[in-house]
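K.L.:
Residue numbers (this note's numbering): 9 to 369.
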């Protein structure tokens, strides 16, 4: 059972809006989250697992004001009262959600959290993702339901946010069975759409912001776009064909190791904005709407059609190259605006109009 908004809103009623502390786990996109919160005048708290990351000393502008050191993610549940006393608002990132577990984060973590935690149910289940996106009118690669139906290359993805780990491509059912192993993990198969991968990062607000595209459920902004460096698939071409590599014992891997900034042709922007709007409006219908950052992860074909293969309903690591802003945020804001800062700015704006409950769950 998802922690109810009503329960969280009762906690928020006792918060001092002048003493809000922005907190997240020290991983993934935390540096820009802490820096952005500080830029907007908030106190910050870093949740560190095992020990305080020493390298944070190298980034004084992004080092949180204080750390909470825990042995594991499960201990966060026991620290709820302590964090609430500090007027904490948690920012979910990929590491936070993946390692704590989407169900625990959604159902047991009774600490005010930025965004709509119901999105976790729809993000972590690839079948529900498709119901959401395709149901809203977003173009997606076709689903292949059974290995015997593989006629062209497919990509197999496990459920959850794993940074590309464990994904693989199969050209036929024999190759599928050779690679799938016996993990027992839930997975989905999609047609492998050949093209250029792009990851546009948006920010959805329940408010009708002036510097944003209006939607039925509020407004949406394009914050930035990136591409991903994936090991070892991005370098295997230097060693011959994939079949050559397999004979030498190399297996293609899609684990993300870095992110590269991208600017799209302007003529391609209308479609990704259309998909972002449809995503937000369908989310409003299904689970009370999107709040905050999300990423439509997809590929453009040579026919200039964008296929969305999945969505991340939270801040993604692909926003990290844009701590000083992006070409798109520069056209939107009068100050440097990362996605991390945009989260803090939304909290600040919600406080200013006495609507903090609209962005917290």
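The beta-carbon is built from N, C-alpha and C at its ideal position, and this holds for glycine as well.
None of these values were measured; they are calculated from a predicted model.
Which residue comes first and which comes last in the alpha helix (DSSP H) that contains residue 108?
P.N.:
Locating residue 108 in the chain shown gives position 100, counting from the first residue. Looking at the DSSP string, the run of the alpha helix (DSSP H) that includes residue 108 is 102–108.
K.L.:
So, with DSSP's three-state summary, where would you put residue 267?
P.N.:
In the chain shown, counting from the first residue as 1, residue 267 sits at position 259. Of the three classes helix, strand and coil, the one that applies to residue 267 here is strand, per DSSP.
K.L.:
Determine which residues share a DSSP beta bridge with residue 349 and list them.
P.N.:
By one-based count along the chain shown, residue 349 stands at place 341. In DSSP, residue 349 forms no bridge with anything.
K.L.:
Is the beta carbon of residue 40 sitting closer than 8 Å to the one on residue 327?
P.N.:
Sequence index remark: in the chain shown, residue 40 carries index 32 (1-based). Sequence index remark: in the chain shown, residue 327 carries index 319 (1-based). Result yes, Cβ atoms of residue 40 and residue 327 sit closer than 8 Å.
K.L.:
So what's residue 13 in DSSP terms, helix, strand or just coil?
P.N.:
Your numbering for residue 13 matches position 5 in the chain shown. Three-state result, residue 13: helix.
K.L.:
In three-state DSSP terms, what is residue 204?
P.N.:
Within the chain shown, numbered from 1, the residue matching residue 204 stands at position 196. Residue state, collapsed to three classes: strand.
K.L.:
I believe residue 270 touches residue 238 by the beta-carbon criterion, under 8 Å. Please report the beta-carbon distance rounded to the nearest angstrom.
P.N.:
The residue you call residue 270 lines up with position 262 of the chain shown. The residue you call residue 238 lines up with position 230 of the chain shown. At roughly 15 Å, the Cβ-Cβ gap does not stay under 8 Å, so residue 270 and residue 238 are not in contact.
K.L.:
Are residue 322 and residue 101 touching if we call contact CB-CB under 8 Å?
P.N.:
Taking the first residue of the chain shown as 1, we reach residue 322 at position 314. Taking the first residue of the chain shown as 1, we reach residue 101 at position 93. Contact flag set, yes.
K.L.:
Is the stretch 43–57 touching the stretch 130–138 in the sense that three or more CB pairs, one from each, lie closer than 8 Å?
P.N.:
Counting Cβ pairs under 8 Å, fewer than three are found: no touch.
K.L.:
Mind the definition here: the stretch 336–353 touches the stretch 138–150 only if three or more C-beta pairs lie below 8 Å; say whether that holds.
P.N.:
no
K.L.:
Tell me whether residue 220 sits in a helix, a strand or coil according to DSSP, three-state version.
P.N.:
On the chain shown, residue 220 is found 212 positions in, with the first residue counted as 1. Three-state result, residue 220: coil.
K.L.:
Indicate whether the contact test is met: 3 or more Cβ pairs, each with one atom in the stretch 73–83 and one in the stretch 11–24, closer than 8 Å.
P.N.:
no
K.L.:
Residue 301 and residue 351 look like a contact to me (Cβ under 8 Å); what is the Cβ gap, rounded to whole Å?
P.N.:
Taking the chain shown and counting its residues from 1, the one referred to as residue 301 is at position 293. Taking the chain shown and counting its residues from 1, the one referred to as residue 351 is at position 343. Contact flag correct, Cβ pair sits at about 7 Å.
K.L.:
Closest by CA to residue 144, which one among 175, 283, 275 and 151?
P.N.:
Within the chain shown, residue 144 is the residue found at index 136, counting from 1. If we check each option's Cα against that of residue 144, 283 comes out closest.
K.L.:
Rounded to a whole number of angstroms, what is the C-alpha to C-alpha distance between residue 316 and residue 146?
P.N.:
For the purposes of this step, residue 316 is taken as the residue at position 308 of the chain shown. For the purposes of this step, residue 146 is taken as the residue at position 138 of the chain shown. When rounded, the distance between both Cα atoms is 7 Å.
K.L.:
At what residue ranges does the stretch 123–185 contain a whole run of the alpha helix (DSSP H), taking only runs of 4 or more?
P.N.:
127–132 and 134–144
K.L.:
Evaluate residue 273 with the Cβ neighbour count: other Cβ atoms within 10 Å of its Cβ, from every protein chain shown; 16 or more gives buried, anything less gives exposed.
P.N.:
Within the chain shown, residue 273 is the residue found at index 265, counting from 1. The residue in question, residue 273, is exposed, as its Cβ has fewer than 16 Cβ neighbours within 10 Å.
K.L.:
Would you mind reading off the limits of the beta strand (DSSP E) that contains residue 74?
P.N.:
By 1-based counting over the chain shown, the position of residue 74 is 66. Boundaries of the beta strand (DSSP E) around residue 74: 74–78.
K.L.:
Pull up the CB-CB distance for residue 33 and residue 104, whole angstroms please, since I reckon it's below 8 Å.
P.N.:
As a working note, residue 33 is residue 25 in the chain shown. As a working note, residue 104 is residue 96 in the chain shown. The Cβ separation is near 4 Å, so the contact holds.
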